[in-house]
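Here the sequence shown is numbered in our numbering, starting from 641 and rising by one per residue. Quick notes on the structure that follows.
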Amino acid sequence: MPLSQDSIPEVVEETPGQALNERIIKLSDPDFVGSLGPQDLVTIVKHDSQKKTVGSFFYVAGLDTSDPTGIAIWLKDVIECLQEKPQLWFGKNVKFSVESISFTTWNIFSQCDMTVKVHLPGTIETSFVNKQGKKLEFGEDETNMAWGEAFLSGKMRDLMCMVENRDDGEVINVVETRIYNPLLTGQLDSVHDMFIGLFPLFFGRGAEVGCPCIYGNMPSTLTNNYLVETLCEIVRLTKSIDLCLPMLEELKVAFGPLLNIVIARIYLTNDRELDGVKLIHDSLHEISDPTYQCELLLLQGKYLLEHNDPQLALEASQRGVDLTPNAFMPWFYLVRSYIALGDNKNALLSLNSLPMNLASLAQKYQYRRIMNTDGNNATVELHLPLPLDVVLDEVTNLNSLLVMDEHKVVDPVLYNLKSANLKNTFQWIYELLCEIVKNLGWEKLLQLRAELFLMEEEYDHLDTTSETESEKVVTRDIKGKRLCERWFDNLFMLLYDDLRVHSQWQSGELKPKTTLEWELVGLCCFRLRQFESAKIAFQNGLQIRFSSQSSRKLLQILLKEQKSNPSEDIDLEIIATCVKLCCWSHRWYAEFSMLLLDAMSIVVEDLGTTRVDNEVNSRFPASVSKLFHDNILEFFKTYTNEYYDE
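Structure representation (structure tokens):
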């Protein structure tokens, strides 16, 4: 997406410089900085024809932060864009002149903000500020290293935000964010070349940056951290395995067989599964540390489950539990293995035994606003222009007032389902419980639950004195049960509410009328793993109007169908859904989505880029086709090391 005034969202500051000052103050707040730091910030000071000063800012993701010169060039492009013609500014055409513009990025390794500021007519200033708000001074070598750190930091944020928030809309919830494709924005070398080249310098410090929450409460280690995760994603998406493997083999000289864990992950996600399986097997005999052994066993268990061998997956998961009993993920795969084997009894017992004391604390990396711009308590104004270069009526011209009206009249039975608010590990556990109820049915699940776990009235009964023989027998039966954890008991109540809504819809008692109501029904079915029902609900809602959430969930269902029962018709449906989501992303200043790239990689592998291009050209307007080609198909043609056929 080329820069234009329509492609730049802005938040108006009460006073110029307010956003950057607020950011510096918040750097001392661990909740604000987190593991990966705040997203990149652009601040602008400009004047209108009456010499009135306006301060504004927006967030940006995906830029190459390896070099201040490249950043300054991009900032000058923004200046030219804002000054080239009068800007439509809250209903009026206003001619602005820019006084200064700055770009600030967080360096995870040096724990400092790095700012490039351009003063017109052309002075460039670079500064570094630590968590305490103090300016830092770096020598030439330190400065060069710091920009390398900034590059890695930026790519970790760009990709991990997408990975950890895949089911929640990736990053579009912070609408004042301009999102570039982080895999395409290398100033000199390709992004994958730069990342793989810098990776060895920082591998030993990877544990410092933290561990993705997608692994529950697994500790951050040399081989399980955001840096390694980002490497694996970049290699997987760009098909850079031939460049990556020699680098990892060289690292083995210094770090030994631990590198096999990373190499095995690269193998398993890049069409070298047999090599990966063999390496895991061999490495389990070479690595003795229980934490690293557990990482290998998790890779093994996941692979075995994906290839329909739950018995061996069970053995691997059980070994992982024995090695690290307080870690969440080995238990998670243990439960999945029991479910796949149809052993619902042990699945429930294992679910109840999950170590939730630390796992529930795992937090996704998310973009956070510096100042409140959302809702009635917003302290600043939002300027959110509509990009006019690409128009797909059903998507681009979606009536926000209509959506608001739907929220006002939605059936409270649908709106108040608390399971929709489950996050992270509780969400994953709930999905497993839904798999069990799908296999057993609600009544049999309740019977099994009563056999295995103490109910509250039974627990109270243990405190009384039994006098008769029959009472003694009952007491012995009760004492053979487990106490149901409170959090697990709560999930049963949420499950009951979801099942009730699903039943009411199936019986015709509940009749969705709006897209929002169909979406809520679809989400309920999706949580219950009733994917056929969910698909019908989402499709019914999308016939009324476009919804990004319904489209994303429908896309996930289509991908499941394509995996289990491939067909060209599903490929074509995936294309249509991806094109609409691409237009929606464009409307909100985003040209990158890992979900869309992953979905289209399957279709492109089936049909080739030329056939996909032709399909899009024949079904959508020229501007839409060009957008999809530039943002999606061009990536497969140019940035995947000639992996895909034309």
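C-beta: ideal position from N, C-alpha, C; glycine also. Remember, predicted model here, so these are calculated numbers, not experimental data.
Alpha carbon to alpha carbon, how far is R912 from K879? 12 Å
Measuring CA to CA, which of V1243, L867, Y1005, R1251 is closest to L1199? V1243
Length of the line joining the Cα atoms of A1174 and V1161: 7 Å
Going straight from the alpha carbon of H687 to that of G773, what length do you get? CA-to-CA, the gap between H687 and G773 works out to about 28 Å.
So if DSSP puts F1275 in a beta bridge, which residue, or which two residues, is it bridged to? DSSP lists no partner for F1275.
Please classify T763 as buried or exposed, where buried requires at least 16 neighbouring CB atoms within 10 angstroms. With fewer than 16 other Cβ atoms within 10 Å, it is exposed.
In or out: M858 buried (at least 16 other Cβ within 10 Å) or exposed? buried
Over what stretch of residues does the beta strand (DSSP E) that includes L1011 continue unbroken? Per the sequence presented here, residue 1011 reads as Met, with Leu not at that position. Per DSSP, M1011 belongs to no beta strand (DSSP E) and is neither H nor E.
Since G837 is in the alpha helix (DSSP H), which residue starts that stretch and which ends it? 831-842
Alpha carbon to alpha carbon, how far is L883 from Y1005? 28 Å
G677 versus Q645: straight-line alpha-carbon distance, rounded: 28 Å
For a minimum of 4 consecutive residues, which ranges assigned as the alpha helix (DSSP H) are wholly contained in the region 1216-1277? Unbroken alpha helix (DSSP H) stretches of 4 residues or longer found wholly inside the region 1216-1277: 1234-1247, 1249-1259, 1262-1268, given in chain order.
Given I1215, which residues of its chain have a CB within under 7 Å of its CB, disregarding the five upstream and five downstream residues? V1243, V1252, E1255, V1256
Please confirm whether V734 and Q727 have their CB atoms less than 8 Å apart. yes
Based on Cα-Cα distance, which residue from E935, F843, D915 lies nearest to K892? Of all alpha-carbon atoms in E935, F843, D915, the one lying nearest the alpha-carbon of K892 is that of F843.
Let me confirm a value: S675 is counted as buried when at least 16 other C-beta atoms fall within 10 Å, else exposed. Which label applies? buried
Ordered along the chain, which non-local residues of its own chain (more than five positions away) have a Cβ less than 7 Å from that of I1069? Cβ within range, chain order: L991, L994, L1131.
Given Q751 as reference, the closest of K757, N770, V758, S742 once Cα atoms are compared: N770
Assign M996 to buried or exposed, taking buried as 16 or more other Cβ atoms, counted over all protein chains shown, within 10 Å of its Cβ. buried
Report the partner residues of D680 according to the DSSP bridge assignment. V700
Following the continuous alpha helix (DSSP H) through C1298, name the residue where it begins and the one where it ends. It is not possible to answer for residue 1298, since the shown part of the chain is limited to 641 through 1286.
Would L862 pass as a contact of L898 if the rule is Cβ separation under 8 Å? yes
Could you spell out where the alpha helix (DSSP H) holding V651 opens and where it closes? No alpha helix (DSSP H) contains V651, which is instead part of the beta strand (DSSP E) from 650-652.
Beta-carbon proximity of L1182 to D1138, cut-off 8 Å: no
Contact check, V756 vs A712 under 8 Å by CB: the rounded distance? Rounded, the Cβ-Cβ distance is 6 Å, consistent with contact.
Are the CB atoms of E654 and V1020 nearer to each other than 8 Å? yes
C-alpha gap between V718 and L643, whole angstroms: Near 7 Å, if we compare the C-alpha coordinates of L643 and V718.
So is F1268 buried or exposed if we call it buried at 16+ other beta carbons inside 10 Å? Around the C-beta of F1268, 16 or more other C-beta atoms lie within 10 Å, and the residue is accordingly described as buried.
In whole angstroms, give me the CA-to-CA distance for W787 and S706. 5 Å
In this structure, what does DSSP give as the bridge partners for T693? H687
Excluding the 5 residues flanking Q1179 on each side, which residues of the same chain have their C-beta closer than 6 Å to its C-beta? none
Segment limits, alpha helix (DSSP H) that includes N1130: For N1130, the enclosing alpha helix (DSSP H) has its first and last residue at 1126-1147.
Whole angstroms is fine: what's the gap from T693's alpha carbon to I1272's? 39 Å
Considering Cα atoms alone, identify which of L1038, R1259, F1232 is closest to T817. The residue from L1038, R1259, F1232 with its alpha-carbon nearest to that of T817 is F1232.
From P656 to E662, what distance separates their C-alpha atoms? In a straight line, the C-alpha of P656 is about 12 Å away from that of E662.
Measuring CA to CA, which of E946, L963, Q951 is closest to Y932? L963
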